[in-house]
Amino acid sequence: MVGLMGGTLVFAVLTFRANVFPRWVAGLLVLMILGAFLPVEDNKYFAFFWGLAYVGMGYCIWAGKLNVSPARNDSGASVSR
335 MVGLMGGTLV
345 FAVLTFRANV
355 FPRWVAGLLV
365 LMILGAFLPV
375 EDNKYFAFFW
385 GLAYVGMGYC
395 IWAGKLNVSP
405 ARNDSGASVS
415 R
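Numbering (the numbering used here), first residue to last: 335 to 415.
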């Protein structure tokens, strides 16, 4: 469980810093971690935010809503000046 939480936290930070996905995706990953510590008997919030975060990432990829760097062209190769 410690590895899962630590890895998810690192993944959320790297997702935020890479600026590939919109910021709300990294926020859902953090909500997932926080949802695991809610004091409820049957903790469904962790699974809900886990699924929502990965569905959000998939939606951004499928809909083409990724943040695109202006230094890249359509083929993905770097633009030289």
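Ideal Cβ positions, reconstructed from N, Cα and C, are used throughout, including at glycine.
The alpha-carbon of Leu338 is positioned some 24 Å away from that of Ile395.
Cβ neighbours of Met391 within its own chain (closer than 8 Å, five residues either side excluded): Phe355, Val359. Using a Cβ distance threshold of 8 Å, Ala346 and Leu363 count as a contacting pair.
With contacts defined as CB atoms closer than 8 Å, Leu372 and Tyr379 qualify as a contacting pair. Contact between Met366 and Thr342 holds, since their C-beta atoms are separated by about 7 Å, short of 8 Å.
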